[in-house]
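First comes the structure, then the notes that go with it.
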Amino acid sequence: MPTVLPSDFLRLKAIYSESSERWHQGFHYDICKDCREDPPTIIEDFQTGDVICGSCGLVLESNLVDTRPEWRTFSNDDSISGADPNRVGDGPDESLIGDQLSTSISFIGGSDSTNQALQRAQNKIVKDGQDGKMNQNLKAAFATLSAYISAAHLSKVVNDTAIKIMKVCMMEKCIKTTPSCVECAVIIYKATKAVGEAREIKECMRIVCLDQLKRKAFNAAYKRIDQVLREMKKKIAQTSDMPRAVMSARQVLPRFCEQARLKAWQRSLTEAFADAVEDTQALDSRGPSNVAATSLYIVTALFGEPMAMKDAAMLAQFSTSETPNVIFL
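Residue numbering for the sequence shown follows the working numbering, starting at 6 and increasing by one per position.
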């Protein structure tokens with residue numbers, strides 16, 4: 006009896022199985038179900054939007070969407086006359102409003118008053134349009150917010166989420182034309198909680214260079230923005246459907262352990278110790294940063310590599326005189 010290898014079995018199954026067409030979008034066609042030529046000759050015709058078998062002419066897929074990137078050349082940038090037919094513009098920005106189908110007029114040097122007048126007139130039309138002013142305000146607000154997030158070394162997910170929240174607040178007139186530092190701090194706080202990279206309020210205030218004296222203004226802005234997000238929750242689920250889980254010390258510990266350069270087994274013990282402290286509710290009156298820094302200090306001391314008390318206080322951003330009160334509670 007001849008021996009059938011696994012590869013031969015799979016090939017025979019592909020050829021003679023009528024129920025398996027093995028067609029997956031993305032141009033991965035193993036074999037044509039009509040002519041069964043192996044290897045197949047597949048032709049992707051993006052002009053007609055069809056994927057065709059080159060041997061028998063069977064249309065394997067129709068209405069194909071061309072998702073390849075468009076090429077852009079700059080061969081005519083230095084030429085005054087003539088347009089480059091290969092030039093394409095940017096796609097629409099989802100964070101802005103409107104169809105964004107505006108036209109810009111430019112010219113190369115010289116003192117041609119006609120071109121300058123056309124450019125000023127076109128810019129005025131674009132900016133004074135129905136969506137022009139709003140888009141200008143949104144771009145300025147996004148730039149300010151992104152600058153704060155970039156300076157704090159937060160992730161791109163936090164930046165994208167914060168931009169969505171900013172857009173909702175500005176569209177609902179919750180934030181004025183130019184957002185204040187307090188409003189930026191509130192948005193950063195909401196964005197970090199939404200994506201699971203939670204930061205405490207004092208950390209967010211420190212990102213935008215605010216001191217604790219502005220806490221009352223922060224609370225007022227937080228209530229105003231949170232109310233808007235609650236109202237928009239049903240309409241814009243992707244923007245305002247934010248988890249409201251309470252931040253724990255375990256969420257803060259990875260950053261603290263990284264800064265303290267702890268080993269892997271020390272990190273595991275510190276996280277277990279912080280969980281035990283939270284389970285006993287011994288430090289419920291303290292913030293997650295205080296619990297994390299206290300756990301870090303105690304675990305390092307127990308295993309013969311004590312951390313300086315001032316270093317633990319610096320991690321949690323509380324004073325050195327307050328550290329013994331937290332540790333010995």
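The beta-carbon is built from N, C-alpha and C at its ideal position, and this holds for glycine as well. Just so it is clear, the structure is predicted and the values come from calculations on it, not from any experiment.
Cβ shell of residue i (< 6 Å), same chain only, five flanking positions each side left out
i	result
Glu-276	Arg-255, Leu-258
Tyr-302	Met-312, Ala-317
Pro-248	At Pro-248, the pLDDT of 48 sits below 50, so the modelled position is not reliable and the matter cannot be decided from this model.
Ile-48	Ile-57, Gly-59
Residue i versus the options, residue with shortest Cα-Cα distance
i	options	result
Cys-262	Lys-221, Asp-316, Gly-62, Asp-50	Asp-316
Met-176	Cys-186, Gly-62, Ile-230	Ile-230
Cys-40	Gln-264, Leu-101, Cys-61, Ile-48	Cys-61
Ala-148	Glu-49, Leu-101, Asn-120, Thr-119	Leu-101
Glu-42	Tyr-302, Leu-63, Ala-306, Gln-121	Leu-63
Arg-266	Lys-238, Gln-232, Pro-311	Pro-311
Ala-146	Lys-172, Asp-284, Gly-137	Lys-172
Gly-292	Lys-161, Ala-306, Ala-318	Ala-318
Phe-51	Lys-228, Cys-37, Thr-72, Ile-36	Thr-72
Leu-159	Met-314, Val-282, Arg-260	Arg-260
Ile-180	Asn-142, Gln-217, Thr-166	Asn-142
Ala-226	Lys-38, Pro-184, Met-139, Glu-236	Pro-184
Met-139	Glu-49, Lys-178, Ser-118, Ile-36	Lys-178
Ile-130	Ile-48, Ile-110, Ser-118, Lys-144	Ile-110
Thr-182	Thr-166, Lys-144, Glu-49, Ile-170	Lys-144
Ala-157	Met-237, Gly-137, Glu-208	Glu-208
Lys-268	Phe-308, Ser-118, Ala-281	Phe-308
Helix, strand or coil at residue i according to DSSP, with G and I counted as helix
i	result
Ser-245	Low confidence applies to Ser-245: its pLDDT is 40, below 50, so where it sits in the model is not reliable, and the reading given next is rough at best. In the structure shown, Ser-245 sits in a helix (DSSP, three-state: H, G or I).
Val-213	coil
Glu-202	coil
Ile-48	strand
Cys-58	strand
Val-70	coil
Leu-258	helix
Leu-307	helix
Leu-267	coil
Leu-234	helix
Leu-301	helix
Leu-274	helix
Leu-320	helix
Leu-65	strand
Met-314	helix
Ile-102	coil
Asp-43	coil
Cys-186	helix
Thr-197	helix
Cys-174	helix
Ser-294	helix
Lys-219	helix
Ile-110	coil
Ser-253	coil
Lys-169	helix
Phe-32	Note on Phe-32: pLDDT 44, under 50, position unreliable in the model; no value is reported.
Lys-181	coil
Thr-53	coil
Lys-38	coil
Same chain, Cβ closer than 7 Å to residue i, neighbours up to 5 away in sequence not counted
i	result
Val-163	Ile-154, Ala-196, Thr-197, Val-200, Glu-202
Ala-279	Ala-254, Arg-255, Leu-258, Val-296, Ala-297, Ser-300
Leu-215	Cys-186, Val-187, Ala-190
Ser-151	Asn-164
Cys-174	Ile-180, Ile-230, Val-233
Ala-167	Leu-150, Ile-154, Ile-192, Ile-193, Ala-196
Glu-283	Ser-253, Ala-254, Val-296
Nearest-angstrom beta carbon gap, residue j and residue i [assumed within contact, 8 Å]
i	j	result
Ile-212	Ile-192	Their Cβ separation, rounded to whole angstroms, is 11 Å, which puts Ile-212 and Ile-192 out of contact at 8 Å.
Leu-69	Gly-54	4 Å
Gln-121	Thr-108	Between Thr-108 and Gln-121 the Cβ distance is about 16 Å, and since that is not below 8 Å, they are no contact.
Close-in-space but distant-in-sequence residues of the same chain around residue i (CB under 8 Å, 5 per side omitted)
i	result
Arg-125	none
Val-304	Gln-271, Leu-274, Thr-275, Phe-278
Phe-223	Val-187, Ala-190, Val-191, Ile-206, Met-210, Leu-215
Arg-220	Ile-206, Met-210
Test: residue i CB closer than 8 Å to a CB of chain C
i	result
His-158	Looking at the structure shown, chain C is missing, and only one protein chain is on hand.
Residue i beta carbon near the ligand COA (any heavy atom closer than 7 Å)
i	result
Asp-98	In the structure on display, the ligand COA does not appear, and there are no ligands present to speak of.
- Item | Runs of alpha helix (DSSP H) wholly within the segment 122-166 (minimum 4 residues, chain order) | 137-156
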